[in-house]
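Note sheet for the following structure.
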Ligand SMILES: [Zn+2]
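In the numbering used here, the protein residues as written are 23 to 393.
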């Protein structure tokens, strides 16, 4: 199984280096526009022919390095091709904020520095890697293409890395159902053990952000709007950080339950989350955080060679894990309890849901095997 990830390096260029990066960015954009115009006017379809038509100009007049000139030709040809298949063949491709692409060797990471080939020669730029990405710098990941990106808060390199890992074993010795919610961000159970991750701290922090936002919204000045945007970014960084930590906890829990565990998650992409979580509007705004957490768990599980399966979330919190009876009044929202109207089975509501999720995962696998 081939895994692909994108990692972010925050670059710390000197002023002089930043100016060179800026020039490189600009030359790349102009080169794309030029190549696009030539392709359009001469009706050139293939990257190979476009290369013959513009390569020298890209090198001599725009000053591009060889590899970047090749990428420009490929990008223009591919863009025209996709425009054609999207039913827009008569137009010329425009590139508003293109990101220069570097292949490995045109950039390398060595001795804590990024060595990168630019218009101004090879630069050596210090960089910073956020903790969740550090593991990709070792552990046998292969570096692929990288994009240079300029954001409001500086320069970044988005690096694509890949690694081939064995398929996870299909012979499970533990099935872990993961329920996501507000009171407990995660309830994971294996049938024998349970992991509860409380949502209290996250809730408090979010409430603080909500209050801050409300104050600023009332003000409505321009500086208040700027601060609002900054707060939104800080809030999403906080949530992303928290989700990384929770995902790691879930993986560790799964690994402690068996040598070949299976993690079962609810497929939240297809459902209306506001129904699933009965969220108030302010929580609905955070629905991305639930999906992000599921995605983080999936990614980290893949890297740890743990199998993951997604199941239909419909009615998981109202179904009895013992007898399978499904009724909305089985679950008391107020007391977070589950009590089966049919067989009388009782337990914590989130725990019941996580057991049902685990059962659905095991069932889905049985069906896929017998098919
Ligand atoms: Zn029951």
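Heads up, the beta-carbon is just placed ideally off N, CA and C, and yes, glycines get one too.
What beta strand (DSSP E) runs, 3 residues minimum, are completely inside the region 112 to 197?
The region 112 to 197 contains these whole beta strand (DSSP E) runs: 129 to 132, 135 to 140, 143 to 151, 164 to 173, 176 to 186.
C-beta atoms of residue 316 and residue 287 nearer than 9 Å
Note that the C-beta distance between residue 316 and residue 287 is below 9 Å.
Closest residue to residue 173 among 47, 381, 326 (Cα-Cα distance):
Distances from the alpha-carbon of residue 173 to those of 47, 381, 326 put 47 closest.
Cβ contact (3+ pairs, closer than 8 Å) linking the region 128 to 136 and the region 104 to 118:
With a cut-off of 8 Å, the region 104 to 118 and the region 128 to 136 do not count as touching, because too few Cβ pairs lie within range.
Please report the distance separating the alpha-carbon of residue 217 from that of residue 149.
Residue 217 and residue 149 have their C-alpha atoms roughly 37 Å apart.
If you drop the 5 nearest sequence neighbours on each side, which residues of the same chain put their C-beta closer than 8 Å to that of residue 291?
So the qualifying residues of the chain are 313.
Give the C-beta separation of residue 262 and residue 23 to the nearest angstrom, bearing in mind that I take them to be a contact with Cβ-Cβ under 8 Å.
Contact doesn't hold; Cβ gap of about 25 Å is too wide.
So, at 6 Å on beta carbons, what are the nonlocal neighbours of residue 324 in its own chain, with the 5 sequence-adjacent residues on each side left out?
25, listed in sequence order.
State yes or no: is the C-beta of residue 244 nearer than 8 Å to some heavy atom of ligand 1?
Ligand 1 never approaches residue 244 closely enough for any of its heavy atoms to be under 8 Å from the residue's Cβ.
Residues near residue 368 in its chain [Cβ-Cβ closer than 6 Å; skip 5 each side]
Apart from the 5 residues on each side of it in sequence, residue 368 sits with its Cβ closer than 6 Å to the Cβ of 361 in its chain, given in chain order.
C-alpha distance - residue 302 paired with residue 225, whole-angstrom precision:
Confidence is the limiting factor: at residue 302 the pLDDT is only 48, short of 50, which leaves the residue's position unreliable, though a coordinate-based value still follows. The straight-line gap separating the alpha-carbon atoms of residue 302 and residue 225 is approximately 13 Å.
Does the Cβ-Cβ distance between residue 347 and residue 338 come in under 9 Å?
Taking 9 Å as the cut-off, the Cβ atoms of residue 347 and residue 338 do not count as close.
Is it a yes or a no for the region 244 to 254 touching the region 269 to 283, going by three-plus beta-carbon pairs under 8 Å?
Too few Cβ pairs lie closer than 8 Å, so no.
Smallest Cα separation from residue 349: which of 357, 366, 333, 334?
Closest in C-alpha terms to residue 349, from the list 357, 366, 333, 334, comes 366.
Taking only the alpha-carbon atoms, compute the straight-line gap between residue 36 and residue 167 and give it to the nearest angstrom.
Separation of residue 36 and residue 167 (C-alpha to C-alpha, rounded to the nearest whole angstrom) is 24 Å.
Output the boundary residues of the alpha helix (DSSP H) element that contains residue 376.
For residue 376, the uninterrupted alpha helix (DSSP H) run begins and ends at 371 to 392, by DSSP.
Compute the beta-carbon to beta-carbon distance between residue 213 and residue 375, rounded to the nearest angstrom, for a pair I have assumed lies under 8 Å.
At roughly 14 Å, the Cβ-Cβ gap does not stay under 8 Å, so residue 213 and residue 375 are not in contact.
How would you write the range of the alpha helix (DSSP H) that residue 319 sits in, first residue to last?
Here the alpha helix (DSSP H) through residue 319 covers 309 to 325.
Among 320, 29, 322, 330, which one has its Cα closest to the Cα of residue 159?
For the options 320, 29, 322, 330, the alpha carbon positioned closest to that of residue 159 is the one of 29.
By a C-beta neighbour count over all protein chains shown, 10 Å radius and 16 as the cutoff for buried, is residue 139 buried or exposed?
Buried, since its Cβ has 16 or more Cβ neighbours within 10 Å.
Are residue 88 and residue 78 touching if we call contact CB-CB under 9 Å?
Residue 78 sits away from residue 88, with the two beta carbons spaced by 9 Å or more.
Sequence-distant residues of its chain with Cβ nearer than 7 Å to residue 289 (five each side left out):
Around residue 289: 332, 333, 334, 335.
Pop quiz: residue 396 and residue 279 are said to be a contact at Cβ under 8 Å. What is the actual Cβ separation, rounded to whole angstroms?
The shown model of the chain, from 23 to 393, leaves out residue 396, and the question about it has no answer.
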